[in-house]
Structure formats: C-alpha cells, structure tokens
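Colleague: Plus 932 on top of the position in the sequence shown (first one is 1) and you've got this note's numbering.
This is the structure I have questions about; it appears just below.
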Amino acid sequence: MELRAVALSFLQASLHDHDHDKSAAVIATTLMLATCELHFDTYAKSWRSHFEYAGRLIADAGQSRTADKTDSTKLWRLIDRQFAVMEFLLSLPAPWTSTSSCIGPRNYPMDLPLVACIGVIDGSLACSQDLLEIFKWIKILQDMRESSRNYGALGFEQFSTQYVRNSASKLVALVHRMIARDDKTPAILSEELAEYCDETMTQAYRMANKVAHHIALICLYRYCLDIGREAIVVEDSVANILQLADAIPKRDGVHPSIVLTTALFVAGCEANEMAQNGIRSLLQSQFEITRNQSAQRTLERLERVWQLMPQDGDCGSSSILRGLKCGDFVPY
C-alpha cells in the first residue's frame, strides 16, 4: 500500500503537467496501477476509475502517438495489449456487461484475425499474441448481440445473430488451428518475457497459453454460439482448464499462474458439481500462495453462482449472472 501511495502521488503530479499527461509513460502507469489494484487491493474500489481514466488518456493522445519522438513504441504496444485485455475481462462472462456501445451494421469489422506461423506468448494474459486478437473479436461479437437485442429492429437482429454465429464458428476453427500449431511447434516467449524466464517459467507460460485457448473456446461456445454447458465441447474445455491449472506451478510475484483466476472463473460458470470442487480448491490455493485478492473475490462470486445453479441439465448460467449485482468485479 505504501508503494501504491507513492505511485499515486507521482502520477498526480504528472497528470497536472500538461506536457506529460498524455505521454505513454503516464498512461502505462495509470493502466498498471489499475491492474495492481485489481490484483492486490482487498476491496478493489479504485481500479475501475483508473482504468477508465487511462482509456480517456489513450483517446486524447490521438495524434501525439505518432508525433511522440521518445523511444516509446514498445510501451504503446504494451498499453494497447493491456487495455484490450482489460476490456475483454470487463465483458466476462458477457451476460452482465452493461457498458457495451451500440454497434450498427456499418461498424462490423471485415477481416478475421490471422493465425501466426509460430505463437508468440504475451505477458498480458499469458497467451499468444494472435489469441489476443481472438479475444478482441469475442468482445465485438458479444457487443453485437447485446446491441441487436436492445436497440435493433427485427431485421437487424436477425442479420446480427447470423453474422455472430458465422463469425464465432470461424473463430472456433481458428482457435483449434492455434492449438494444433502450438502442439506441433511450441510457442515462444515475447521479447519482454524471454529476457527473465528460465525453462521452468517458459513451460508454465506455455501451459497458461493452452488455458487461454480454452477460455476463448468456452466464451465462443456459450456466449456467441449458445451451446449448452452440458455439451461435450464445453465440458472438455472446462476439464482441460482444470487439468492445466492444476499442473502449472504456483508461486507469488510475477508468474503466469496469477492469470489463472480468469480461467477458473470462466470454467466455474459452466462447471458441474465435480468440477466445482476442483475449481474451489484451486482458487483457495491461488489466494494462499499469490495473495491475489481477486482469487478470493472470484471464489465468493462463484459460490453464489453455484448456489443458484441446478446440477441437472443446462441451467442457463447467463440468466443467473444477469441477476447478480456484479459491480466492479472482474476475474483477473
């Protein structure tokens, strides 16, 4: 908390300096402060305001990004990736998001992500960089669904539903291509990660990358394709997340295991009773080892979901999650 107070004081001074308030360093600091508060602040009261302010700074930076004469290209890439990850997390799982903007037909993106020849693992969500593009698309498709339901005319809703289904099916195929690629040629670490990772850490990141693929598949199956949680493909991804999360070594500090909270929440929302016990145990262990406050909040939220979730057949976890007041909760 002392370091947080120091960071806030320096950040406040920089924000009052109009020559620096839109610099990459200030924006990255604001964004990372939000991330740290999400992980380690017991009540996580301030992270959203810092995240939203970082978003405004990014938007205001605009032209100054190209005019930035400092060596901040890598820093802007980090900002873009981390902001995209946080935006995706804010939409997990899609049913409770209320901040999505209305997307009309002209705003539909044209090109699906490309699958790289070799996966390069990024530290933001401990997954390959091309998978981060899939996560961006998942959020776009979720926004489309919500917008068409809430604002669209019948014709637009039908068009949007078909578009979402077609795009989601293609994205599922792309994720499976990434999985097959990484099985054949193990993913490598990004330049930022490689310089401080030994072989044990590298293997942990590769397992976390596999976990992230199954996060994407569950989100596509459940919230874009409306496949029931009792479907074999959903159960398989839940089981894979549990198996991999259990196998990844746990430790405090900067380590890929800290991002498992997101995966365990996504899997927990679709888990049967047996899988729930495994997820409960893993989140308890996650909190005890990493002191990641988000792990404890995530388990508390899942316990509420499980209490409302019948074990026979598809309960419609979407409707359950809509009924919960989630506030600023994010499983990260």
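Backbone N, C-alpha and C define an ideal beta-carbon position, used for all residues, glycine too.
In this text the structure is predicted, and so the values were computed from the model without any measurement.
In whole angstroms, what separates the C-alpha of Glu1220 from that of Leu1214?
Modeller: So the two alpha carbons sit approximately 10 Å from each other.
Colleague: Would you mind reading off the limits of the alpha helix (DSSP H) that contains Asp992?
Modeller: Asp992 -> alpha helix (DSSP H) spans Trp979 to Ala993.
Colleague: Would you call the segment 1120–1137 and the segment 1062–1070 in contact, with 3 or more CB pairs under 8 Å?
Modeller: The segment 1120–1137 is not in contact with the segment 1062–1070.
Colleague: Can you grab the Cα-Cα spacing for the pair Phe983 / Leu1021, in whole Å?
Modeller: Straight-line Cα distance between these residues: approximately 12 Å.
Colleague: Tell me whether Asp1054 sits in a helix, a strand or coil according to DSSP, three-state version.
Modeller: Strand at Asp1054.
Colleague: Along the alpha helix (DSSP H) that carries Phe1197, what are the first and last residues, could you check?
Modeller: Segment Leu1192 to Gly1200, the alpha helix (DSSP H) holding Phe1197.
Colleague: DSSP beta-bridge partners for Ile1120?
Modeller: Paired residue(s): Val1052.
Colleague: Taking contact to mean 3 or more Cβ pairs, one atom from each stretch, closer than 8 Å, check whether the segment 1143–1156 and the segment 1203–1213 are in contact.
Modeller: No, the segment 1143–1156 is not in contact with the segment 1203–1213.
Colleague: Use the C-beta contact count for Glu1078: other C-beta atoms within 10 angstroms, 16 or more gives buried, fewer gives exposed.
Modeller: Glu1078 is buried by the Cβ-count criterion.
Colleague: Return the Cβ separation of Ala986 and Ala957 in integer angstroms, given the expectation that the two are a contact with Cβ distance under 8 Å.
Modeller: Contact doesn't hold; Cβ gap of about 12 Å is too wide.
Colleague: Which of the three DSSP states is assigned to Cys1156 in this structure?
Modeller: Of the three classes helix, strand and coil, the one that applies to Cys1156 here is coil, per DSSP.
Colleague: For the segment 1107–1114 against the segment 1191–1198, are there 3 or more C-beta pairs whose distance is under 8 Å?
Modeller: The segment 1107–1114 is not in contact with the segment 1191–1198.
Colleague: Of the residues Ala960, Cys1049 and Ala1203, which one's Cα is nearest the Cα of Asp1168?
Modeller: Minimum Cα distance to Asp1168 is reached at Ala1203.
Colleague: Our contact map puts Pro1263 next to Thr1230 with C-beta atoms below 8 Å; I'd like the distance itself, whole angstroms only.
Modeller: Right, their Cβ atoms sit about 5 Å apart.
Colleague: My output table needs one value for Ser1169: the three-state DSSP class, helix, strand or coil.
Modeller: If DSSP states are grouped into helix, strand and coil, Ser1169 belongs with the helices.
Colleague: Should Asn1224 be labelled buried (16 or more other beta-carbon atoms within 10 Å of its own) or exposed?
Modeller: Label assigned to Asn1224: buried.
Colleague: Is Cys1129 helix, strand or coil by DSSP?
Modeller: Coil, per DSSP.
Colleague: So, are the CB atoms of Leu1103 and Lys1142 less than 8 Å apart?
Modeller: It is not a contact, given that the beta carbons lie outside the stated cut-off.
Colleague: Could you give the first and the last residue of the continuous alpha helix (DSSP H) run that contains Ser1226?
Modeller: Per DSSP, Ser1226 belongs to the alpha helix (DSSP H) from Gln1225 to Leu1240.
Colleague: Using C-beta distances below 6 Å, list every residue in its chain close to Gln881, excluding the 5 sequence neighbours before and after it, in chain order.
Modeller: Any answer about residue 881 is impossible in this case: the structure gives the chain only from 933 up to 1264.
Colleague: Cβ atoms of His1145 and Val1170: under 8 Å apart, would you say?
Modeller: Cβ atoms of Val1170 and His1145: not closer than 8 Å.
Colleague: Cα-Cα, which of Leu1007, Gln1074 and Met1139 is closest to Ile1180?
Modeller: Of Leu1007, Gln1074 and Met1139, the residue nearest in Cα terms is Met1139.
Colleague: Starting from the Cα of Glu1235, find the closest Cα among Met1076, Glu1205 and Thr1222 and give me that residue.
Modeller: Among Met1076, Glu1205 and Thr1222, the Cα nearest to that of Glu1235 is on Glu1205.
Colleague: Leaving out the 5 sequence neighbours to the left and right, which residues in its chain are closer than 7 Å to Met1110 when beta-carbon positions are compared?
Modeller: The residues are Val1047, Gly1051, Ser1060, Asp1062, Leu1063 and His1145.
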